[in-house]
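Colleague:
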Amino acid sequence: MQDLTEQFVELIRRTSTDLPADVRRALTEARDREAPGSAARGALESILQNVELAREKISPICQDTGTPIFFVRYPAGWSSRALREQMRAAIARATEDAYLRPNAVDSLSGKNSGNNLGDEAFPSLHFEEVEGDTLTVDLLLKGGGCENVGAQYSLPDDRLGADRDLQGVRRAVLDAVHQAQGLGCAPGVLGVSIGGDRGTSYARSKQQLLRRLDDTNPNPDLARMEAQLTQEANRLGVGPMGFGGATTVLGVKMTSQHRLPASYFVTVSYMCWADRRRRLTVRGDSQAIE
Amino acid sequence: MIPLHMPLSEEAIRALHLGDSVLLSGVMITARDTAHKWMIDTYIRRTRPPSGDDEQTYAALRDLLRGGAIYHCGPVVAGLQTKQYVFKAAGPTTSIREEPYQGEVMRHFGVRAVIGKGGMGPRTLAACGEIPGVYLHAIGGAATLIAETVKSVQGVLKLEFGVPEAMWVIEVVDFPAVVTMDSHGQSLHTEIEKASRGELDKLLAA
Chain H
635 MQDLTEQFVE LIRRTSTDLP ADVRRALTEA RDREAPGSAA RGALESILQN
685 VELAREKISP ICQDTGTPIF FVRYPAGWSS RALREQMRAA IARATEDAYL
735 RPNAVDSLSG KNSGNNLGDE AFPSLHFEEV EGDTLTVDLL LKGGGCENVG
785 AQYSLPDDRL GADRDLQGVR RAVLDAVHQA QGLGCAPGVL GVSIGGDRGT
835 SYARSKQQLL RRLDDTNPNP DLARMEAQLT QEANRLGVGP MGFGGATTVL
885 GVKMTSQHRL PASYFVTVSY MCWADRRRRL TVRGDSQAIE
Chain Y
16 MIPLHMPLSE EAIRALHLGD SVLLSGVMIT ARDTAHKWMI DTYIRRTRPP
66 SGDDEQTYAA LRDLLRGGAI YHCGPVVAGL QTKQYVFKAA GPTTSIREEP
116 YQGEVMRHFG VRAVIGKGGM GPRTLAACGE IPGVYLHAIG GAATLIAETV
166 KSVQGVLKLE FGVPEAMWVI EVVDFPAVVT MDSHGQSLHT EIEKASRGEL
216 DKLLAA
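Going line by line, the protein sequences match chains H and Y. When you read off a place in the first sequence, starting at 1, and then add 634, the result is the number in the numbering used here. When you read off a place in the second sequence, starting at 1, and then add 15, the result is the number in the numbering used here.
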């Protein structure tokens, strides 16, 4: 089995310093929609300048390099234990090189480990064995500000008039966007999971954040709801940084899963505008980061 | 763009209003979650006895914070081994977590500017009216751009809190921010919350 430590360091470096093209495009379009001279437009201009500067200087886009969340899909023949060790070594290296901020804090002692390695839950690693011969490693760097405004609803929700159907889901998601205001570094991207238990629902909502902003949900009902919610969330007028304005979210990505008869969870994971996600693909001797 | 120099005078603060764009220059310190709780526990509510270098740190903070600025920021810092510190990325963190502490810290030390993102609540707004002080909103996530305005790192207090939570003493030139809470009782965050609540109610009524 190959040693991928170097490739993982490169994956982290690219993710932290170089925003994906579809996100840059969405931010540029958002800037053009804001009124000239407005605080919202000024914020997006600074954001776009920062994105370019970070790429040029190979410097973190945001100082909160967040929880590194890896989703690994590996074919037979790879050892998840060995991959875990390599990913952890890469995290420590990338922290030393100042592509990542040391973010792992012991919750009881308050001590920062200094190298981004905590217990087995930090960094956050998810493994799934798959068919075929391609290894894919998705990395999401998700900051604390946006993580803190994530929300989970249990339907029905009387306060929102939200029943156990897609219209109820819609109400919950709009409420979450209103609650978040600018705190999650709007304009953000929403990953929404319907169903599951509380834990799987949060994990699946984060997986939705790996999708490209310009893709289309294969489920036509969810595709329609994603478009509707993007448009309606923007009508709230929270705007970039919560300054007020035309763009509050850059996109909404939804999924559903089976649930218990007694439970109907709607989970919203909020990703800040610095939507730092990259994918490493390894097939035989060829490797690529997109 | 209104230039502001630290230490900040009462007149300079009273002249600021919601929506003003400012460029800050001078020396400020970063302080976030751990630092705020620690300042309150050690110096203000005194629920824990000072230990180690707490007394010297207090003297340093008193000088830095009188008419000064607190920046809610946990930076990415290079040069940790050599102590030749350089800020690589230094955008604001979410301020509302300091709402239980901020007003007291501002009053105790005479802080005139709090810089962060997302805005703060009624207790901080009240302190802004009294001292007087302002809340300045920096652009969240614009971390490399903001780090360019940090010309030097003059020192660090309480590095044992960890790099993000330590209190970094920095000199900035033309640090950009927007006044979103002023000393006249106005908060942009309250206004936007109210307006978006109205829109939400309309969408949920449909």
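Here a beta-carbon is modelled for each residue, glycine too, at the ideal position from N, C-alpha and C. The structure presented is a predicted model; accordingly, all values stated were derived computationally and were not measured.
Does the beta carbon of E866/H come closer than 9 Å to any beta carbon on chain Y?
Modeller: So, interface residue.
Colleague: Where does W183/Y sit, in a helix, a strand or coil, going by DSSP?
Modeller: In this structure, W183/Y counts as strand in the three-state DSSP scheme.
Colleague: As a quick exercise: from G200/Y, A162/Y and V187/Y, pick the residue whose alpha carbon is nearest that of P147/Y.
Modeller: The option with the nearest alpha carbon to P147/Y is G200/Y.
Colleague: According to DSSP, simplified to helix, strand and coil, what is N746/H?
Modeller: Of the three classes helix, strand and coil, the one that applies to N746/H here is strand, per DSSP.
Colleague: Out of L742/H, A728/H and A796/H, state which residue places its alpha-carbon closest to the alpha-carbon of P736/H.
Modeller: The option with the nearest alpha carbon to P736/H is A728/H.
Colleague: How far does the alpha helix (DSSP H) with H51/Y in it reach, from first residue to last?
Modeller: H51/Y -> alpha helix (DSSP H) spans D48 to M54.
Colleague: Between which two residues does the alpha helix (DSSP H) containing E214/Y stretch?
Modeller: Run containing E214/Y: L203 to A220, per the alpha helix (DSSP H) assignment.
Colleague: Answer yes or no: do V187/Y and M43/Y have a C-beta to C-beta separation smaller than 9 Å?
Modeller: Yes.
Colleague: To the nearest angstrom, report how far apart C88/Y and M54/Y are at their CA atoms.
Modeller: Distance between the alpha carbons of C88/Y and M54/Y: 16 Å.
Colleague: Does A908/H get closer than 9 Å to chain Y when you measure Cβ to Cβ?
Modeller: True, the Cβ-Cβ gap to chain Y drops below 9 Å.
Colleague: Per DSSP, I692/H forms a beta bridge with which residues?
Modeller: None, per the DSSP bridge assignment.
Colleague: Skipping 5 residues on each side, what residues in its chain have a beta carbon closer than 8 Å to that of L808/H?
Modeller: So the qualifying residues of the chain are L863, E866, A867 and L870.
Colleague: In angstroms, rounded to a whole number, what distance separates the CA positions of G41/Y and N684/H?
Modeller: Cα-Cα distance, rounded: 22 Å.
Colleague: Is the Cβ-Cβ distance between L638/H and L914/H less than 9 Å?
Modeller: In contact: L638/H and L914/H (Cβ atoms closer than 9 Å).
Colleague: What does the alpha-carbon distance come out to for the pair A785/H and M875/H?
Modeller: Cα to Cα, the separation comes out at about 19 Å.
Colleague: Could you tell me if N750/H is buried or exposed, where buried requires 16 or more neighbouring beta carbons within 10 angstroms of its beta carbon?
Modeller: Buried is the call here.
Colleague: To test your reading of the DSSP string, which unbroken alpha helix (DSSP H) runs of 4 or more residues are found completely within the region 771-804 of chain H?
Modeller: Runs found: 778-782.
Colleague: Quick one, which of R858/H, Q720/H and L682/H has its alpha-carbon nearest D666/H's?
Modeller: Measuring from the Cα of D666/H, the nearest candidate turns out to be L682/H.
Colleague: Between which two residues does the beta strand (DSSP E) containing I703/H stretch?
Modeller: Unbroken beta strand (DSSP E) run through I703/H: T701 to P709.
Colleague: Considering A922/H, what are the terminal residues of the alpha helix (DSSP H) in which it resides?
Modeller: It is not in any alpha helix (DSSP H) - A922/H instead sits in the beta strand (DSSP E) that spans S920 to I923.
Colleague: Alpha carbons only, please: which of C143/Y, T164/Y and P179/Y is nearest the one belonging to D189/Y?
Modeller: Among C143/Y, T164/Y and P179/Y, the Cα nearest to that of D189/Y is on T164/Y.
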